[in-house]
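Student: One rule links them: number in this note's numbering = place in the sequence shown (from 1) + 105.
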Amino acid sequence: MEQKCRKCQNLGFIGAKDPHHYKFSQVEFCDCVLGLTEKAKWSYKAETVNDKYLKAGIPPLFHGRTLQDWDVSQKHVRAARNLIEYDKIVDPDLVESGIVSADDTRNSIYFFGDYGSRKTTLGCVILMRKIDQGKRCLYGVCDLVLEELKASKRFSSKESYPEVFRKYGDVDYLFLDEVGYAFQVGIDADAEISKSPIDEMTNASLKELTKLIDWRLMYMKPTILSSNLSIDNLRKVTKTNQLVDRLLDRYSIRPVGDENQRLVNYEAREVMAKNAAKGGKR
Ligand SMILES: Nc1ncnc2c1ncn2[C@@H]1O[C@H](COP(=O)(O)OP(=O)(O)O)[C@@H](O)[C@H]1O
Ligand SMILES: [Mg+2]
Ligand SMILES: [Zn+2]
């Protein structure tokens, strides 16, 4: 038989204040796994939604997140913290092995990891802390940003291409999420590199991304990229070295090794639902 949490009776919250009916800050969530899950679920409620973050394009789901949700001993988290605290990533690994000096000015990062490893959350946390510090930031799903850039070249476009380009090129911090997606149309990352060249549309996207990355490197503006593709697989889907070489040269490449948070949340909800059903029969 499953153990009931004595503190919250498997409700996730303590006392009568059901999060459905009260403000997030008024509810006392339990510190058990169900409580944490409930808390995560409700943390995006109205009062955590922040106009400044919304204007930067950051999805409301992430507005309540902070770096405190992470284990700072993990390297990718440390990189995020360094970026937040002093605008550059001194990659401890590379410094130790003598590849970069401690005063390396590297300030851009490529996070890669599985679906659910909290890449989007972590990138958004960096942006939000930068917004708190008064920096101009933008979040965008990579594919959509690239489509926006390409569409702005049509003469019917409201904004001109240079305007759109400078919007993403000049912002203090840019987070392009899901970098692999734009190039994965019908391509399996694990498959061998196919001999056929990538199609024209995809090639145009790749050009735009490379241009944007170059521009931001020249102006020394930090960029955060996230992807489910390792560098090797990114090389495969882009079928060229031009993008990955820049990343290897000037970015900090950080695998995100969290367990799948979506699965954790899902499983906790399952248990909760089962227990609720059991309780109902009694
Ligand atoms: N500290 C946390 N506790 C519980 N759930 C979290 C926490 N941080 C993030 N999540 C949730 O985990 C899920 C996966 O995170 P996400 O950043 O979208 O992963 P990825 O971008 O790597 O696929 C999201 O639904 C997010 O809201
Ligand atoms: Mg994501
Ligand atoms: Zn509990």
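Think of the CB as a built atom: it goes at the ideal place given N, C-alpha and C, for glycine as much as any other residue.
Secondary structure at Ser-335, three-state DSSP: helix, strand or coil?
Tutor: Here residue 335 corresponds to residue number 230 of the sequence shown, with the count starting at 1. In the structure shown, Ser-335 sits in coil (DSSP, three-state: anything other than H, G, I, E or B).
Student: What residues in its chain sit with their C-beta under 6 Å from that of Gly-285, if we drop five residues either side in the sequence?
Tutor: Position 180 of the sequence shown, counting from 1, holds the residue named residue 285. Taken in chain order, the residues that qualify are Ser-332, Asn-333, Leu-334.
Student: Identify the continuous beta strand (DSSP E) that holds Leu-116 and give its terminal residues.
Tutor: Here the question's residue 116 lines up with position 11 in the sequence shown. For Leu-116, there is no enclosing beta strand (DSSP E), as DSSP marks it with neither H nor E.
Student: With three or more beta-carbon pairs closer than 8 Å as the criterion, would you say the stretch 132 to 152 touches the stretch 107 to 124?
Tutor: Per the Cβ contact rule, the stretch 132 to 152 is in contact with the stretch 107 to 124 (3 or more Cβ pairs under 8 Å).
Student: Taking buried to mean at least 16 other C-beta atoms within 10 Å of its own C-beta, is His-126 buried or exposed?
Tutor: Locating residue 126 in the sequence shown gives position 21, where the first residue counts as 1. Its Cβ having fewer than 16 others within 10 Å, His-126 is exposed.
Student: Could you tell me if the beta carbon of Gly-285 falls within a distance shorter than 8 Å of some heavy atom in ligand 1?
Tutor: The count along the sequence shown starts at 1 and reaches residue 285 at position 180. No, the Cβ of Gly-285 stays beyond 8 Å of every heavy atom of ligand 1.
Student: What whole-angstrom Cβ distance do Leu-287 and Cys-247 have, given they're in contact under 8 Å?
Tutor: Working through the sequence shown from its first residue, we reach residue 287 at position 182. Working through the sequence shown from its first residue, we reach residue 247 at position 142. Checking the displayed sequence, the identity of residue 287 turns out to be Ala instead of Leu. That belief holds up - the Cβ atoms of Ala-287 and Cys-247 are roughly 5 Å apart, short of 8 Å.
Student: Kindly examine ligand 2 and report whether one of its heavy atoms sits closer than 8 Å to the Cβ of Lys-224.
Tutor: Residue mapping note: residue 224 aligns to position 119 of the sequence shown, counting from 1. For ligand 2, at least one heavy atom lies less than 8 Å from the Cβ of Lys-224.
Student: Suppose contacts are defined by Cβ-Cβ distances below 9 Å. Is Thr-343 in contact with Leu-311 by that definition?
Tutor: As a position in the sequence shown, residue 343 is number 238, starting the count at 1. As a position in the sequence shown, residue 311 is number 206, starting the count at 1. Cβ atoms of Thr-343 and Leu-311: closer than 9 Å.
Student: Within the continuous beta strand (DSSP E) that includes Asp-354, where are the two ends?
Tutor: For the purposes of this step, residue 354 is identified with residue 249 of the sequence shown, where counting begins at 1. Per DSSP, Asp-354 belongs to no beta strand (DSSP E); it is in the alpha helix (DSSP H), 347 to 355.
Student: Give the straight-line distance between the Cα atoms of Ala-294 and Asn-338, rounded to the nearest whole angstrom.
Tutor: Here the question's residue 294 lines up with position 189 in the sequence shown. Here the question's residue 338 lines up with position 233 in the sequence shown. At Ala-294 the pLDDT is 49, less than 50, meaning the model places this residue with poor confidence; the figure from the coordinates comes in the next sentence. So the alpha carbons of these two residues sit roughly 5 Å apart.
Student: How many angstroms separate the CA atom of Cys-229 from the CA atom of Leu-249?
Tutor: Working through the sequence shown from its first residue, we reach residue 229 at position 124. Working through the sequence shown from its first residue, we reach residue 249 at position 144. Their backbone Cα atoms lie some 17 Å apart in a straight line.
Student: Leaving out five residues on either side along the sequence, give the residues of the same chain with a beta carbon under 6 Å from the beta carbon of Val-132.
Tutor: Here residue 132 is taken as the residue at index 27 of the sequence shown, counted from 1. Only Phe-118, Lys-122, Pro-124 meet the Cβ criterion.
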